[in-house]
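To keep things clear, I will list the structure first and then write my remarks on it.
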Amino acid sequence: MAQRIPEETVEKVRRELDIVDVVSEYVQLKKQGRNFTGLCPFHGEKTPSFSVSQDKQLYHCFGCGAGGSIFTFVMEFEGLSFLETVQKLASKTSVELPEIAPEQSTPEQEEAGVWYDGHELAMKLYHHLLVSSPEGRKAREYLRKRGFTKEMIERFQLGYAPDSWSFLTDFLQKRNFLPRDMADCGLLALRESDGRPFDRFRNRIMFPIWDKSGRVIAFGGRVLEADDKPKYLNSPESQVFNKSRLLYYFHGARPAVKRKNEAVLFEGYVDVISAFRAGIEHGVGALGTALSEEQAKMLRRNADRVILCYDGDEAGQKAAWKNAEILKKSGLEVFVAALPEGMDPDDYIKEYGADRFADTVIGQPRTLMEFKSVYLRRNKNMSQEADQLRFVEEMLIEISRLPKAIERDHYIRRLEEEFSLSYDVLKQEMKEHVQNNVQARTKQQKQIQRKVTAEQVRKMLTADEKAESDLIAMMIHSREAAEDVENRIGSAFQYETYQALAALLYSFYAAGHESDPAGFLETIGDAELKQTAAALAMKEVHVDLSEQVMEDYARQIIHRTPARKQIEELQQLMKQTNDVEQLKNYAAKMLELKTKMQ
1 MAQRIPEETV EKVRRELDIV DVVSEYVQLK KQGRNFTGLC PFHGEKTPSF
51 SVSQDKQLYH CFGCGAGGSI FTFVMEFEGL SFLETVQKLA SKTSVELPEI
101 APEQSTPEQE EAGVWYDGHE LAMKLYHHLL VSSPEGRKAR EYLRKRGFTK
151 EMIERFQLGY APDSWSFLTD FLQKRNFLPR DMADCGLLAL RESDGRPFDR
201 FRNRIMFPIW DKSGRVIAFG GRVLEADDKP KYLNSPESQV FNKSRLLYYF
251 HGARPAVKRK NEAVLFEGYV DVISAFRAGI EHGVGALGTA LSEEQAKMLR
301 RNADRVILCY DGDEAGQKAA WKNAEILKKS GLEVFVAALP EGMDPDDYIK
351 EYGADRFADT VIGQPRTLME FKSVYLRRNK NMSQEADQLR FVEEMLIEIS
401 RLPKAIERDH YIRRLEEEFS LSYDVLKQEM KEHVQNNVQA RTKQQKQIQR
451 KVTAEQVRKM LTADEKAESD LIAMMIHSRE AAEDVENRIG SAFQYETYQA
501 LAALLYSFYA AGHESDPAGF LETIGDAELK QTAAALAMKE VHVDLSEQVM
551 EDYARQIIHR TPARKQIEEL QQLMKQTNDV EQLKNYAAKM LELKTKMQ
């Protein structure tokens, strides 16, 4: 069996795929000139700096420096090895891969593999018990009463954990899964007294939780009996399960989210599944009421708009307010679905039907300011003057945070009409809040600007370094240019990064390759070198340079750079001596070098 995939087979896979199509499965891209842009999936940002070139089949982020080919992107995003990446991408093509022996795995990778296998097996077992076994009859009846159809049970692979302390434990041990490993990943638990394993989930409806790649990494379990506690039990967090970095059913909903350019965010998995029954295919669930910035960024990379659909009780609306701010901060346009107090999505669908839920609740959500207006009225007696004034003051604070003047004016006039207050007074009050916001933002922007300016200075290239980087960029795009540079300069590049890239390019073309930026990047093993090469490959370059221009580049590198370095060394020596004669000698040498450079 082959230990690696032949280079020509990898090349066939790459040739059959378009990097824009593949990256679009993960990031929302928009055409901008010759390239496609979007929010970088490798670092947090509000303004798109991530660029994908269809012509060159490369991507590069001008913010964090990430870059590479179609294989690099999937490897980085999914956390896969090169072989796993080729296998994943080959499944989208007509290319048949040779039989591949497993790669040598690290102990961490082997442990994670065991965890994935254990969860996959447990999901199949739980699902079988629910749909086919006598033990699952009570759970089947419970789900039928709740309106769960066979299609929903199959799509979300719902299962049932029997009322036993050892059912799953025995099942896994018979298949040579170690109890300690299964306890580490949360499937089992260990008794404190003697360390013996037992089933963590018992007599519960089981909801598999997947990672972004669609692998089962955890479970949520819901009780059958109303008196049992806790009502919901999730797997503990582990090396593969971090609930602040995941959204329930994100892997399944992502195509619909991207198609609609909209996501519906629910509190949990039951809401997502119930909404699916109403035709809401782009619903995802937060695994807990608190939303993280990373979860918000996941949504922002795939859509421009999000609808929050949380329970109508105090806790649900409070969570909606908090999470709306996090989503808005990430750059999303936020709306909030209106549910009657005390109802969750499942209750509403059972009471009023799936069509009304889809058309009225999700189809006609409130704007964020409408939601805030309703929320701020809660627990206030709006017939009393004190509560009215408190409400107006709280609304003015929220209005002052709106970015557009036309929006602020619209909501001030609504307050004027509802409470018969002076428009001028309301506007003046609001202006004070706006000024406070502006001052806070200005201070923050100055801090950011200082940081950016320092970074720009650090990244500025000297004339010598720019000459070398320009030549490497030309060499990446042109075999002829690379051969010309090799003849003129050879290995005389002064900067280690460009010296290394030049050597790799010489070898790449010597092996018979034609100009192929994406193909060249696949030959670079060092991550930092690959990032630099990706940035240079994305540049628009003119490879047909005149003889004089090429000679100027060569002279800049071969003659000027060593002289400049000698001058810098002499300047340092002059600072270290007080000897007048020595200083004269150093100055004379510096003058001689500068004359040669000119």
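Heads up: the sequence shown begins at 1 in the UniProt record's numbering, then just goes up one per residue. Built from N, CA and C at the ideal position, the CB exists for glycine as well.
- Query: Where does Glu7 sit, in a helix, a strand or coil, going by DSSP?
  - Reply: Numbered from its first residue, the sequence shown carries residue 7 at position 7. Helix.
Taking 7 Å as the limit between beta carbons, can you name the residues of its chain near Asp129, skipping five residues before and five after? Taking the sequence shown and counting its residues from 1, the one referred to as residue 129 is at position 129. Here residue 129 turns out to be Leu, not Asp, going by the sequence shown. The beta carbon of Leu129 sits closer than 7 Å to those of Glu135, Gly136, Gly159, Tyr160, Pro162, all from its chain and outside the five residues before and after it, given in chain order.
- Message: If distances are taken between C-alpha atoms only, which option among Ala588, Leu471, Thr523 comes closest to residue 610?
- Response: The question about residue 610 has no answer, for the chain in this structure spans 1 to 598.
| query | Per DSSP, Gln32 forms a beta bridge with which residues? | reply | Taking the sequence shown and counting its residues from 1, the one referred to as residue 32 is at position 32. DSSP, once it has assigned bridges, lists Asn35 as partnering Gln32.
inquiry  = Using a Cβ-Cβ distance cut-off of 8 Å, determine whether Glu333 contacts chain B.
reply    = Looking for chain B here will not work: only one protein chain is present.
| said: One question on the structure: do Leu61 and Ser69 come within less than 8 Å of each other, judged by their Cβ atoms? | reply: The residue labelled residue 61 in the question sits at position 61 within the sequence shown. The residue labelled residue 69 in the question sits at position 69 within the sequence shown. Correcting the residue identity first, residue 61 is Cys in this sequence and not Leu. Cβ distance not < 8 Å, so Cys61 and Ser69 don't count as in contact.
Quiz item: How big is the Cα-Cα spacing for Ala278 and Val361?
Solution: Translated into positions along the sequence shown, residue 278 becomes position 278. Translated into positions along the sequence shown, residue 361 becomes position 361. Approximately 11 Å between the Cα atoms of the pair.
Which residues does DSSP list as the beta-bridge partners of His60? Within the sequence shown, numbered from 1, the residue matching residue 60 stands at position 60. His60 is bridged to Ser51, Gly67.
Beta-bridge pairing of Thr367 - partner residues as DSSP gives them
As a position in the sequence shown, residue 367 is number 367, starting the count at 1. Residue pairing by DSSP puts Thr367 in a beta bridge opposite Phe335.
Item to complete: Could you say which of Asp18, Ala303, Val131 lies nearest to Glu151 if we only look at CA atoms?
Response: Here the question's residue 151 lines up with position 151 in the sequence shown. The shortest C-alpha separation from Glu151 is found at Val131.
Quiz prompt | Assigned secondary structure, Pro345 (DSSP; H/G/I helix, E/B strand, else coil) | solution = Here residue 345 refers to the residue found at position 345 when the sequence shown is read from its first residue. In this structure, DSSP gives Pro345 a helical state, which the three-state scheme calls helix.
Would you identify the three-state DSSP class for Val284, choosing helix, strand or coil? Position 284 of the sequence shown, counted from the start, is the residue given in the question as residue 284. Of the three classes helix, strand and coil, the one that applies to Val284 here is strand, per DSSP.
Could you check which residue in Gly342, Ile307, Asp347 has the C-alpha nearest to that of Phe335?
-> The residue given as residue 335 occupies position 335 in the sequence shown. Comparing alpha-carbon positions, the option among Gly342, Ile307, Asp347 lying closest to Phe335 turns out to be Ile307.
State the Cα-Cα distance for the pair Asn323 and Leu291, rounded to the nearest angstrom. By 1-based counting over the sequence shown, the position of residue 323 is 323. By 1-based counting over the sequence shown, the position of residue 291 is 291. Approximately 6 Å, taken between the alpha carbons.
So, do the segment 297-313 and the segment 239-254 have three or more beta carbon pairs nearer to each other than 8 Å? Yes, since at least three Cβ pairs between the segment 297-313 and the segment 239-254 fall closer than 8 Å, the two stretches touch.
- Message: What does the alpha-carbon distance come out to for the pair Trp115 and Leu80?
- Response: Taking the first residue of the sequence shown as position 1, residue 115 is located at position 115. Taking the first residue of the sequence shown as position 1, residue 80 is located at position 80. A direct Cα-to-Cα measurement between Trp115 and Leu80 gives close to 16 Å.
Going by DSSP, what residue range makes up the alpha helix (DSSP H) through Leu389?
Counting from 1 along the sequence shown, the entry for residue 389 is found at position 389. Counting along the chain, Leu389 sits inside the alpha helix (DSSP H) bounded by residues 385-400.
What would DSSP say about Asn234, mapped onto helix, strand or coil? As a first step, residue 234 is located in the sequence shown; it is residue number 234 there, counting from the start. DSSP places Asn234 in strand when its eight states are reduced to three.
Three or more C-beta pairs under 8 Å: does that hold for the segment 352-372 against the segment 266-286?
Taking 8 Å as the limit for Cβ pairs, the verdict is that the segment 266-286 does touch the segment 352-372.
Query raised in the report: How should Leu125 be labelled, buried or exposed, when 16 other C-beta atoms within 10 angstroms of its C-beta is the threshold for buried?
Result: As a first step, residue 125 must be located in the sequence shown, where it is residue number 125. The residue in question, Leu125, is buried, as its Cβ has 16 or more Cβ neighbours within 10 Å.
- [ ] Report all residues from its chain with a CB closer than 8 Å to the CB of Ala588; omit the five preceding and five following residues, and keep chain order.
- [x] Within the sequence shown, numbered from 1, the residue matching residue 588 stands at position 588. Here the set comprises nothing.
Grab me the residues of Arg204's own chain with a C-beta within less than 8 Å of its C-beta, minus the 5 sequence neighbours each way, in chain order. To locate residue 204, count along the sequence shown from 1; it is residue 204. Only Tyr160, Ala161, Gly221, Arg222, Val223, Leu224, Leu233 meet the Cβ criterion.
Nearest to Val95 by CA position, among Leu265, Arg401, Thr523, Val10, is which residue?
Residue numbering aside, residue 95 sits at position 95 when the sequence shown is read from its first letter. That would be Val10, whose Cα lies nearest to the Cα of Val95.
- Query: Nearest to Gly67 by CA position, among Asp344, Gly113, Trp321, Ile524, is which residue?
  - Reply: Sequence index remark: in the sequence shown, residue 67 carries index 67 (1-based). Cα-wise, what sits closest to Gly67 is Ile524.
- Query: Using a Cβ-Cβ cut-off of 6 Å (strictly less than) and excluding sequence neighbours within five positions of Gln531, which residues of its own chain qualify?
  - Reply: The count along the sequence shown starts at 1 and reaches residue 531 at position 531. Counting only Cβ-Cβ distances below 6 Å, and skipping sequence neighbours, we find Gly65, Gly67.
| query | If Ile412 sits next to Lys431, beta carbons under 8 Å apart, how far is it from one beta carbon to the other, in whole angstroms? | reply | Within the sequence shown, residue 412 is the residue found at index 412, counting from 1. Within the sequence shown, residue 431 is the residue found at index 431, counting from 1. Incorrect: roughly 10 Å between the Cβ atoms, too far for contact.
Roughly how far, in whole angstroms, is the beta-carbon of Leu529 from the beta-carbon of Ala482, given that I think they are within contact range, below 8 Å? Residue numbering aside, residue 529 sits at position 529 when the sequence shown is read from its first letter. Residue numbering aside, residue 482 sits at position 482 when the sequence shown is read from its first letter. A Cβ-Cβ separation of about 16 Å leaves Leu529 out of contact with Ala482 under the 8 Å criterion.
query: Lys372: buried (16+ other C-beta within 10 angstroms of its C-beta) or exposed?
result: Stepping through the sequence shown from its first residue, residue 372 is reached at position 372. Label assigned to Lys372: buried.
Checklist line | Where the alpha helix (DSSP H) containing Trp321 begins and where it ends | finding: Reading the sequence shown from its first residue, position 321 is the one you call residue 321. Segment 314-329, the alpha helix (DSSP H) holding Trp321.
Given Lys459, which residues of its chain have a CB within under 6 Å of its CB, disregarding the five upstream and five downstream residues?
-> Residue mapping note: residue 459 aligns to position 459 of the sequence shown, counting from 1. The pLDDT assigned to Lys459 is 48, lower than 50, so where the model puts this residue is not dependable; a value taken from the coordinates is nonetheless given after this. Result list for Lys459: empty, nothing under 6 Å.
Buried/exposed call for Pro365, threshold 16 Cβ in 10 Å: The count along the sequence shown starts at 1 and reaches residue 365 at position 365. Buried: at least 16 other Cβ atoms inside 10 Å.
- Query: Between the beta-carbon of Lys258 and the beta-carbon of Gln28, is there less than 8 Å?
  - Reply: The sequence position of residue 258 within the sequence shown is 258, counting from 1. The sequence position of residue 28 within the sequence shown is 28, counting from 1. Their beta carbons are under 8 Å apart, which means Lys258 touches Gln28 by this criterion.
Practice prompt. Measure from the alpha carbon of Phe42 to the alpha carbon of each residue in Lys56, Ile19, Val20, Thr72, then state which is nearest.
Written response: For the purposes of this step, residue 42 is taken as residue 42 along the sequence shown, with counting starting at 1. Checked all of Lys56, Ile19, Val20, Thr72; the closest Cα to Phe42 is Thr72.
Asn176 versus Phe77 - alpha carbon distance:
Sequence index remark: in the sequence shown, residue 176 carries index 176 (1-based). Sequence index remark: in the sequence shown, residue 77 carries index 77 (1-based). Between Asn176 and Phe77, the C-alpha separation is close to 32 Å.
Count the other CB atoms within 10 Å of the CB of Asp199; is the residue buried (16 or more) or exposed (fewer)?
-> Position 199 of the sequence shown, counting from 1, holds the residue named residue 199. Of the other Cβ atoms in all chains shown, 16 or more fall within 10 Å of the Cβ of Asp199; this residue is therefore buried.
| query | Would Val425 be called buried (16 or more neighbouring beta carbons within 10 Å of its own) or exposed? | reply | To locate residue 425, count along the sequence shown from 1; it is residue 425. Taking all protein chains shown into account, Val425 has fewer than 16 neighbouring C-beta atoms within 10 Å of its C-beta and is therefore exposed.
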